[in-house]
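See below for the structure under consideration.
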Amino acid sequence: MSQTKQPITTTINQIHQHIDQFVRLQGWIYSKRSSGKIQFLQLRDGSGVIQCVVVKSEVPLEVFSTSEDVAQESAVIVDGIVRKDSRSSLGYEINVQDLIHVSNAPDYPVTHKEHGIDFLLDHRHLWIRTPRQRAILKVRAEVLRAMSNYLDQNGFTRVDPPILTPTAAEGTTELFHIQYFDEEAYLTQSGQMYMEAAAMAMGKVYSMGPTFRAERSKTRRHLIEFWMIEPEMAYFTHEDNLNLQESFLSAVVQQVLEHCEVELTLLGRDLDRLRAVQPPFPRMSYDEAVLWLQKQGRDIQWGEDFGAPDETELANQFDRPVFIQRYPTKVKAFYMQPDPERPEVALCADLLAPEGYGEIVGGSERIHDYTLMQERFSDYNLPNEAYAWYLDLRKYGSVPHSGFGIGLERTVAWICGLEHVREAAAFPRLLYRLYP
RNA sequence: UCCUCGAUAGCUCAGCGGUAGAGCAUCCGGCUGUUAACCGGAGGGUCGUAGGUUCGAAUCCUACUCGGGGAGCCA
């Protein structure tokens, strides 16, 4: 026996560096199969899953009886020798010498059989232990890392806008009202206006953080709380904005492909569809889109916004995301810059992801003229006092500027090929679901 | 808010007018190479709630509650 020798504490993803060595792994039982005098414990430790073999004739009696006691999600520490073995799906397995039962998990609810979504969401705190959910969370982390990398390397400064705000950014969507001492406040639905202020201070800025919309939306594309990444750039035109977006998103997808191939494969993603995400992205004007949709037999008139099925049909023509640009000014937010040559359309674009994932980015050039912005305030009945600071940005050294917001969960859902955005958040907030 | 589907064992479901079922999970037993292991046995349910029709309701009707999918709105 090797009791006198100290095991090397390591993790499953490092196990290939320890062939034939005596190691210690700390984790949980993922599943177990037994065959009388031999037990196969599938151990997970957060970095991976490995098969640990306990042979009755090779270990002390109490070690074998411990291996009989442990069940799914029991916490255990395993000491054993790393063996190369083609019978194991990882290619390696642990020949167990000692097994410490840290704690048990009686009647663990999330079994490896099928479960309904209601049950899984009620047990989200346990559901995230499964390989598929872990892979999604890994990809989400990589998406955020890739976004920071790209922006940091391209002269952007991260600025964090407030979560508690005195006013609405868009004026259209439903907000969460909260008590802010003696006055009313709202949870942010976008940091954009603050990012415009920051862009005038730093040139190029971005934010990443949660936003909240109290809309009674219940579809595979909606969360009540979701993350947005919002870059805002001084002296950027509408064209500059689109060029940045396609370069940014392509870089993000390619970095995720490079670092998360294992996870994407586990999720069953078609990697070729992601490899196709390279600039330039197709660009379609709103005018063209309406004509095209009418030709497809859809009931839409110039001046109306697109519905979800319209967006899906538009996006399905292409193998990469498509920009739909220059929407009617009237259906878009008050701060968007009208096209100087055609004031009835705005210098804005939505980026539609392929495969029916819908709008993942919305961006525009912002109004920088003080008088025009003031007109918009009265047109939209916005209270001048609450937005005085925003108007100030047009008063003191105003410049043309542009920005966009990208929805993190929709982007992750698209990259992972998920059925629903709820799996792209560790603890999704959904309509009528605030638990766990 | 509207449309639509659903609620039966811990989980996933079958049963659709005549005494409540299966697989998995759990517990007991067997198996030295299992891959959602397998084989034998056991325990486990006022069929979402309330009312109605009927000799008789999990099953038919009404209302309510909770949930899924979608629309609108949006990222």
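For the first sequence, the numbering used here assigns the number 129 to the initial residue and increments by one for each residue that follows. C-beta: ideal position from N, C-alpha, C; glycine also. No experiment lies behind these values; they were computed from the predicted model shown.
Exercise. What residue ranges within the segment 449-524 form continuous alpha helix (DSSP H) runs of no fewer than 4 residues, ordered along the chain?
Worked result: The qualifying runs are 498-507 and 516-523.
For this session: Can you give me the Cβ contacts of leucine 519 inside the same chain, cut-off strictly under 8 Å, excluding the 5 residues immediately before and after it?
Result: Stepping through the first sequence from its first residue, residue 519 is reached at position 391. Tyr498, Met501, Gln502, Phe505 and Asn512, listed in sequence order.
Exercise. Taking C-alpha atoms, which residue in Asp213, Arg550, Leu254 and Ala327 lies nearest to serine 202?
Worked result: As a position in the first sequence, residue 202 is number 74, starting the count at 1. Comparing Cα-Cα distances from serine 202 to each of Asp213, Arg550, Leu254 and Ala327, the minimum goes to Leu254.
Exercise. Is it true that the CB of alanine 263 sits closer than 9 Å to the CB of valine 287?
Worked result: Locating residue 287 in the first sequence gives position 159, where the first residue counts as 1. Locating residue 263 in the first sequence gives position 135, where the first residue counts as 1. If you check the CB distance, valine 287 and alanine 263 do not come in under 9 Å.
Exercise. Can you round the beta-carbon distance between aspartate 173 and leucine 153 to whole angstroms, since I take them to be within the 8 Å contact cut?
Worked result: In the first sequence, counting from the first residue as 1, residue 173 sits at position 45. In the first sequence, counting from the first residue as 1, residue 153 sits at position 25. Correct: roughly 6 Å between the Cβ atoms.
Exercise. How long is the line joining the alpha carbons of lysine 460 and alanine 199, rounded to whole angstroms?
Worked result: Mapped onto the first sequence, residue 460 falls at position 332. Mapped onto the first sequence, residue 199 falls at position 71. The alpha-carbon separation between lysine 460 and alanine 199 amounts to approximately 56 Å.
Exercise. Looking at C-alpha atoms only, which residue of Pro556, His240, Tyr314 and Gln453 is the closest neighbour of glutamate 416?
Worked result: Taking the first residue of the first sequence as position 1, residue 416 is located at position 288. Taking only the C-alpha atoms, the option nearest glutamate 416 is Gln453.
Exercise. Name the DSSP beta bridge partners of aspartate 148, please?
Worked result: Against the first sequence, residue 148 aligns to sequence position 20. Under the DSSP definition of a beta bridge, aspartate 148 lacks any partner.
Exercise. What is the rounded straight-line gap between the Cα of methionine 129 and the Cα of valine 204?
Worked result: Taking the first residue of the first sequence as position 1, residue 129 is located at position 1. Taking the first residue of the first sequence as position 1, residue 204 is located at position 76. A caution first: methionine 129 carries a pLDDT of 46, below 50, which makes its placement in the model too unreliable to give a value.
For this session: Throw me the rounded Cβ distance for the serine 526 and histidine 496 pair, which I believe falls under 8 Å.
Result: What you label residue 526 is simply residue 398 of the first sequence in a count that begins at 1. What you label residue 496 is simply residue 368 of the first sequence in a count that begins at 1. Contact holds; Cβ gap of about 5 Å.
Exercise. To the nearest whole angstrom, what separates the beta carbons of proline 289 and serine 335, a pair I think is in contact under 8 Å?
Worked result: By 1-based counting over the first sequence, the position of residue 289 is 161. By 1-based counting over the first sequence, the position of residue 335 is 207. Their Cβ separation, rounded to whole angstroms, is 5 Å, which keeps proline 289 and serine 335 in contact under 8 Å.
Exercise. Can you check whether the CB of alanine 436 is closer than 9 Å to the CB of arginine 252?
Worked result: Looking up residue 252 in the first sequence gives position 124. Looking up residue 436 in the first sequence gives position 308. No.
Exercise. Which first and last residues belong to the alpha helix (DSSP H) in which isoleucine 357 is found?
Worked result: Residue 357 sits at position 229 when you count from the first residue of the first sequence. No alpha helix (DSSP H) holds isoleucine 357; the beta strand (DSSP E) holding it covers 353-362.
For this session: Using 10 angstroms around the beta-carbon of threonine 293, count the other beta-carbons present and answer buried if the total reaches 16, otherwise exposed.
Result: For the purposes of this step, residue 293 is taken as the residue at position 165 of the first sequence. Under this definition threonine 293 is a buried residue.
Exercise. For glutamate 242, does the three-state DSSP call read helix, strand or coil?
Worked result: Along the first sequence, read from residue 1 onward, the residue named residue 242 stands at position 114. Correct three-state label for glutamate 242: coil.
Exercise. Helix, strand or coil: which one does DSSP assign to aspartate 368?
Worked result: As a first step, residue 368 must be located in the first sequence, where it is residue number 240. In this structure, aspartate 368 counts as helix in the three-state DSSP scheme.
Problem set entry | Spatially closest choice to glycine 219 from Val210, Gln261 and Arg557, by CA coordinates | As a first step, residue 219 is located in the first sequence; it is residue number 91 there, counting from the start. Between glycine 219 and the set Val210, Gln261 and Arg557, the nearest pair of CA atoms involves Val210.
For this session: List the residues that DSSP assigns as beta-bridge partners of cysteine 180.
Result: In the first sequence, the residue the question calls residue 180 occupies position 52. According to DSSP, cysteine 180 bridges with Leu169 and Ile222.
Problem set entry | Residue from Pro449, Ala541 and Thr295 with nearest C-alpha to asparagine 509 | Translated into the one-based positions of the first sequence, residue 509 becomes position 381. Nearest to asparagine 509 by alpha-carbon distance, out of Pro449, Ala541 and Thr295, is Thr295.
Problem set entry | Beta-carbon contacts of arginine 448 that lie in its chain and below 8 Å, excluding the five residues immediately before and after | Residue numbering aside, residue 448 sits at position 320 when the first sequence is read from its first letter. The answer, listed in chain order, is Ala404, Val405, Gln406, Phe409, Pro410 and Pro482.
For this session: Please determine, among Val380, Pro564, Ile428 and Val191, the residue with the shortest C-alpha to C-alpha distance to aspartate 280.
Result: As a first step, residue 280 must be located in the first sequence, where it is residue number 152. It is Val380 whose Cα lies nearest to the Cα of aspartate 280.
Exercise. If you count every other CB in all the chains shown that lies within 10 Å of the CB of histidine 240, and 16 or more means buried, which is it?
Worked result: As a working note, residue 240 is residue 112 in the first sequence. Result: exposed.
Exercise. What three-state label does DSSP hand alanine 199 in the structure shown?
Worked result: For the purposes of this step, residue 199 is taken as residue 71 along the first sequence, with counting starting at 1. Correct three-state label for alanine 199: coil.
For this session: Please confirm whether isoleucine 222 and glycine 208 have their CB atoms less than 9 Å apart.
Result: On the first sequence, residue 222 is found 94 positions in, with the first residue counted as 1. On the first sequence, residue 208 is found 80 positions in, with the first residue counted as 1. Taking the C-beta atoms as reference points, glycine 208 is found nearer than 9 Å to isoleucine 222.
For this session: Alpha carbon to alpha carbon, how far is leucine 419 from histidine 387? Give it in angstroms, no decimals.
Result: The count along the first sequence starts at 1 and reaches residue 387 at position 259. The count along the first sequence starts at 1 and reaches residue 419 at position 291. Each residue's CA atom was taken as its position, placing histidine 387 and leucine 419 some 41 Å apart.
Problem set entry | CA-to-CA distance, histidine 529 to asparagine 371, given in whole angstroms | In the first sequence, the residue the question calls residue 371 occupies position 243. In the first sequence, the residue the question calls residue 529 occupies position 401. Whole-angstrom Cα-Cα distance: 14 Å.
For this session: Look up glutamine 406 in the DSSP assignment and say whether it is helix, strand or coil.
Result: Counting from 1 along the first sequence, the entry for residue 406 is found at position 278. Residue state, collapsed to three classes: coil.
Problem set entry | Classification of glutamate 487 by the beta-carbon crowding that lies within 10 angstroms, buried from 16 upward | By one-based count along the first sequence, residue 487 stands at place 359. Taking all protein chains shown into account, glutamate 487 has 16 or more neighbouring C-beta atoms within 10 Å of its C-beta and is therefore buried.
Exercise. Excluding five sequence neighbours on each side, which residues of the same chain lie with their C-beta closer than 7 Å to the C-beta of glycine 535?
Worked result: Position 407 of the first sequence, counted from the first residue, corresponds to residue 535. Excluding residues within five positions, the ones whose Cβ falls inside 7 Å are Phe354, Met356 and Ile488.
Exercise. Of the choices Leu377, Ile291, Arg215 and Gln320, whose alpha-carbon is the least far from that of isoleucine 306?
Worked result: The count along the first sequence starts at 1 and reaches residue 306 at position 178. Taking only the C-alpha atoms, the option nearest isoleucine 306 is Ile291.
Exercise. Which class does lysine 212 belong to by DSSP, given the choice of helix, strand or coil?
Worked result: Position 84 of the first sequence holds residue 212. In the structure shown, lysine 212 sits in a strand (DSSP, three-state: E or B).
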